[in-house]
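Engineer:
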Amino acid sequence: MTAQAERELETETETMTVREAVRQALREELERDEDVYLMGEDVGLFGGVLEVTSGLYDEFGAERVRDTPISEAGFMGAATGAAATGTRPVVELMFSDFAGVSMEQIMNQMAKMRYMFGGKAEMPVTVRTTEGGGMGAASQHSGTIHTWIAHFPGLKAVAPGTAASAKGLTKAAIRSNDPVFVFENKMIYEQEGAVPTDEEFTIPLGEAAVEREGEDVTVVATQRLVGESLQTAESLAETGVEAEVIDPRSLYPLDTETIVESVRKTGRLIVADESPLSYGTHAEIIARVQEEAFFSLDAPIQRVGTPDTHMPFSTPLEQEVLPDGDDVREAIERVT
Amino acid sequence: MYKRQRRFDERALALQRRGWMSGYPPYRGQEGSQVGAAHALAAEDWLVPTYRSNAMQLARGVPMSDILLFRRGYPEYASDHDLNVFPQAVPIATQIPHAAGLGMAANYGDSEEAICCYLGDGATSEGDFHEGLNFAGVFEAPVVFFCENNGWAISTPRERQTASDTIARKAEAYGFEGVRVDGNDPLAVRELVAAALERAREGRPVLVESLTYRQGAHTTSDDPSRYRDEPAALPDWRTADPLERYDSFLREEGVLDDDDVTEIEDEVEAELEEAVEVAESAPEPEPGEVFDPVYAEPTPRLAEQRARLEEFADREDRRDLER
């Protein structure tokens, strides 16, 4: 289904930013289900360092919007224990780079707990975390690490590119009985979009959205690069190239079918994702396409991402390293 | 009577030695400590165990056959029991933050449950020990951290594990009480852990250091004669056999005689025979079972991979593959 068609199904929408969309999702789920509560560093009184949870502490109180010690392994582990008895913790990992200090609890505990219980315990944990460069936050606060999480069996990973998907995916993550990581790109918090107001609106994990239809080339873009690719597609249309832009929204499970169907039509594929170029999300998407649509390809598949380097603190250098719409354009021009 | 635990441990070791199951971590010498602590728990309390605390799991009602089957490559909850017992943690200290979270969830639901989190002296060196105890202190989680100081973490003696003179005193830094107990005295352990659980229910976690001794190897994959001299430089009460000690105490008190012991031994042997039989007659796990417990909602990718494996298994005769 195209994103446009999906939105048309929703009778009412409201324009809001990605930040507001995530907050609305959290508020609605806190209201809907008493088992849901938030925890993380500075999420309560302070409202989160990037202000996503702002106001929720006043509405729901200190027990449901819980400030924790600076202790990533502590809250990843506590969430794993707490979820096993049926509560639904929503954890904020301030920067996804900090997954490093809690990786044992993420990859060996949260991911495997249901399995170790022989399937007898559910693991309804949601981890919201921020990704991406562009804020001048330097190399240890600007990472895009979603490939790691999408790689570990037992975990699911989503990465919204629009305000509507930010809300729908966050709500779906909280309602899921599996551990789901929601990767919020910091640079799109202010990006606005139409968001369905229906409290039952969710986006099923594993469904991509065709954000723009086109016949000549498929661009699979994530997070910030969805908007960038859409702009590029509009400007390229003036030159006669019609790009189809797909936001996978969910990285694992990945909606291979929607992507493959598009490539069968266009014969060309660009994968644009901010993670480092080697051994990453790009490679997985490309592998799946060649498995199922190898003979539909008319040109080599192109990747757009961050070079295998660290995010510089220096703003001019950071802008140099970060992939953007121009990189997508160059990639399209190489194959059309 | 923890004769049951002793015989289970001996039998499990013997079974492992003849290749009946994979590696086994014996707990010989720690039965008094573990059974004493397990008996302090109320029915609804949670036990958060590790690979070393199987005597506790048995005392809490986990069937012997579950533990044997787990070591034979079956899922941990083979009997489908619904006891409040977490899966045994095999990495070190990772269960400690889980226990803090279970305690936070109990508080959140206004439940009366308390949590007994087992750990060893080696676990106190891990970051998870710090983060878990800190969480419990800050969130007033109803958790008793039951640390068995058995003197050894594989080959590393307790004094090379931490420069702290006791483990119990580490609790002070988290704002709660740390206490020591003679782990070879099951009645003392039971009384102390019961009191600690009551305190924990009031929102005051406790760290218990139970002083006992690992008489055997770390697991069936090591040989302690390569790294420690027997007997160790520890007082006799630390390394003495808790079973003999309790046995003579009960006889002195006049509550146990030879007939009782024979009766207990017969019951234990019968239970063991049955457990081995259950384990031996369990059907071979089906390949598909590898996929079931991974997700509540399996992904399409996993479903495809499962279908491919099952199709392969159907096509190939498994006996051919084994050959």
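Chains Y and C, in that order, give the protein sequences. Per our numbering: the first sequence = residues 17 to 352. Per our numbering: the second sequence = residues 147 to 469. Built from N, CA and C at the ideal position, the CB exists for glycine as well. For clarity, every value in this text was computed on a predicted model and none was experimentally measured.
So the candidates are Y:GLU336, Y:VAL276, Y:SER330; which of them puts its Cα closest to the Cα of GLU307 (chain Y)?
Structural biologist: Out of Y:GLU336, Y:VAL276, Y:SER330, Y:VAL276 has the C-alpha closest to the C-alpha of GLU307 (chain Y).
Engineer: Name the chain C residues that come within less than 7 Å of ALA95 (chain Y), Cβ to Cβ?
Structural biologist: Within chain C, the residues near ALA95 (chain Y) are GLY247.
Engineer: Note down, in chain order, each residue of its chain lying with its Cβ closer than 7 Å to the Cβ of GLY184 (chain Y), except the 5 sequence neighbours on either side.
Structural biologist: Taken in chain order, the residues that qualify are PHE217, THR218, ILE219.
Engineer: CA-CA distance, ASN295 (chain C) and ASP267 (chain C)?
Structural biologist: Their Cα atoms are separated by approximately 5 Å.
Engineer: Distance, Cα to Cα, PRO172 (chain C) vs ARG360 (chain C)?
Structural biologist: Cα-Cα distance, rounded: 9 Å.
Engineer: Whose C-alpha, out of C:GLU411, C:GLY165, C:PHE281, C:GLU430, is nearest the C-alpha of MET92 (chain Y)?
Structural biologist: With distances taken between Cα atoms, MET92 (chain Y) lies closest to C:PHE281.
Engineer: With 7 Å set as the bound, which would you pick, yes or no: does the beta-carbon of VAL284 (chain C) sit closer than that to a beta-carbon of chain Y?
Structural biologist: Judged by the 7 Å Cβ criterion, VAL284 (chain C) is in contact with chain Y.
Engineer: What's the gap between the Cα of THR96 (chain Y) and the Cα of ASP228 (chain C)?
Structural biologist: THR96 (chain Y) and ASP228 (chain C): Cα-Cα distance of roughly 18 Å.
Engineer: Any chance the segment 336-345 of chain Y sits against the segment 193-201 of chain C, with 3 or more Cβ pairs inside 8 Å?
Structural biologist: The segment 336-345 of chain Y, when compared against the segment 193-201 of chain C, does not touch it at the 8 Å Cβ threshold.
Engineer: If you reduce the DSSP assignment to three classes, tell me which class PHE285 (chain C) lands in.
Structural biologist: Coil at PHE285 (chain C), not helix or strand.
Engineer: Let's see if you can read the secondary structure: which residues bound the alpha helix (DSSP H) around GLY97 (chain Y)?
Structural biologist: Taken as a continuous stretch (DSSP letters only), the alpha helix (DSSP H) holding GLY97 (chain Y) covers 88-100.
Engineer: Could you give the DSSP three-state label for LEU248 (chain C): helix, strand or coil?
Structural biologist: DSSP places LEU248 (chain C) in helix when its eight states are reduced to three.
Engineer: What would DSSP say about GLY434 (chain C), mapped onto helix, strand or coil?
Structural biologist: DSSP places GLY434 (chain C) in helix when its eight states are reduced to three.
Engineer: Going by DSSP in three states, LEU270 (chain Y) sits in which element: helix, strand or coil?
Structural biologist: LEU270 (chain Y): coil per DSSP, three-state reduction.
Engineer: Counting along the chain, where does the beta strand (DSSP E) carrying VAL327 (chain C) start and finish?
Structural biologist: Per DSSP, VAL327 (chain C) belongs to the beta strand (DSSP E) from 323-328.
Engineer: With a threshold of 7 Å between beta carbons, is CYS264 (chain C) in contact with chain Y?
Structural biologist: As written in the sequence, residue 264 (chain C) is Tyr, which differs from the Cys given in the question. It does not: the Cβ of TYR264 (chain C) has no partner Cβ on chain Y nearer than 7 Å.
Engineer: Whole angstroms are fine: how far does the CA of LYS128 (chain Y) sit from the CA of GLY255 (chain C)?
Structural biologist: Taking the straight line from one Cα to the other gives about 25 Å.
Engineer: CB PHE133 (chain Y) to CB PRO209 (chain C), shorter than 7 Å?
Structural biologist: Not in contact: PHE133 (chain Y) and PRO209 (chain C) (Cβ atoms no closer than 7 Å).
Engineer: Threshold first: 3 residues or longer. Then list the beta strand (DSSP E) segments lying entirely within the segment 173-228 of chain Y, N to C.
Structural biologist: Fully enclosed beta strand (DSSP E) runs of 3 or longer: 196-201, 208-212, 225-228.
Engineer: Closer than 8 Å is the cut-off here; do at least three beta carbon pairs connect the segment 252-263 of chain Y with the segment 227-243 of chain Y?
Structural biologist: Yes, the segment 252-263 of chain Y is in contact with the segment 227-243 of chain Y.
Engineer: Would GLU190 (chain C) and GLU259 (chain C) qualify as a contact pair, given that the criterion is a beta-carbon distance under 7 Å?
Structural biologist: Yes.
Engineer: Closer than 8 Å is the cut-off here; do at least three beta carbon pairs connect the segment 147-165 of chain C with the segment 176-183 of chain C?
Structural biologist: Yes: at least three Cβ pairs fall under 8 Å.
Engineer: In whole angstroms, what separates the C-alpha of PRO195 (chain Y) from that of MET126 (chain Y)?
Structural biologist: Approximately 7 Å between the Cα atoms of the pair.
Engineer: With the cut-off set at 7 Å, would you say SER310 (chain C) and TYR373 (chain C) are in Cβ contact?
Structural biologist: Contact: no.
Engineer: Scan the segment 372-396 of chain C for residues whose Cβ lies nearer than 9 Å to a Cβ of chain Y and list them as they occur along the chain.
Structural biologist: Of all residues in the segment 372-396 of chain C, none has a Cβ within less than 9 Å of some Cβ in chain Y.
Engineer: Tell me whether ILE317 (chain Y) sits in a helix, a strand or coil according to DSSP, three-state version.
Structural biologist: It is coil, neither helix nor strand.
Engineer: What residues from chain C crowd round ALA78 (chain Y), counting only those whose CB sits closer than 7 Å?
Structural biologist: Within chain C, no residue comes near ALA78 (chain Y); the closest Cβ sits about 11 Å away, beyond 7 Å.
Engineer: What are the boundary residues of the beta strand (DSSP E) that includes GLY56 (chain Y)?
Structural biologist: Looking at the DSSP string, the run of the beta strand (DSSP E) that includes GLY56 (chain Y) is 52-56.
Engineer: Between THR213 (chain Y) and the rest of its own chain, which residues show a CB-CB distance below 6 Å, the 5 nearest in sequence each way excluded?
Structural biologist: Cβ within range, chain order: GLU28, GLU30.
Engineer: Spatial neighbours of LEU66 (chain Y) within its chain, please: CB distance less than 7 Å, with the 5 preceding and 5 following residues excluded, ordered by chain position.
Structural biologist: Result list for LEU66 (chain Y): THR146, LYS202, TYR205, in chain order.
Engineer: Select from the segment 130-149 of chain Y all residues with a C-beta closer than 7 Å to any C-beta belonging to chain C, and list them in chain order.
Structural biologist: From the segment 130-149 of chain Y, only ARG130, TYR131, MET132, PHE133, GLY134, GLY135, LYS136, GLU138 have a Cβ closer than 7 Å to chain C.
Engineer: In the segment 87-115 of chain Y, which residues sit with their C-beta less than 9 Å from some C-beta in chain C, listed in chain order?
Structural biologist: Within the segment 87-115 of chain Y, the qualifying residues are SER87, GLU88, ALA89, GLY90, PHE91, MET92, GLY93, ALA94, ALA95, THR96, GLY97, ALA98, ALA99, ALA100, THR101, GLY102, THR103, PRO105.
Engineer: For the candidate residues Y:ASP314, Y:LEU270, Y:ARG35, Y:GLU36, whose alpha-carbon lies nearest to that of ARG280 (chain Y)?
Structural biologist: Nearest of Y:ASP314, Y:LEU270, Y:ARG35, Y:GLU36 to ARG280 (chain Y), Cα basis: Y:ASP314.
Engineer: Is GLY207 (chain C) closer than 7 Å to PRO332 (chain C) when the C-beta atoms are compared?
Structural biologist: Going by C-beta atoms, PRO332 (chain C) is not nearer than 7 Å to GLY207 (chain C).
Engineer: So with Cβ pairs under 7 Å, would you call ASP438 (chain C) a contact of chain Y?
Structural biologist: Chain Y contact via Cβ: present.
Engineer: What residues in the segment 181-201 of chain Y bring their beta carbon closer than 8 Å to a beta carbon of chain C?
Structural biologist: Listed by position along the chain: SER192, ASN193, ASP194.
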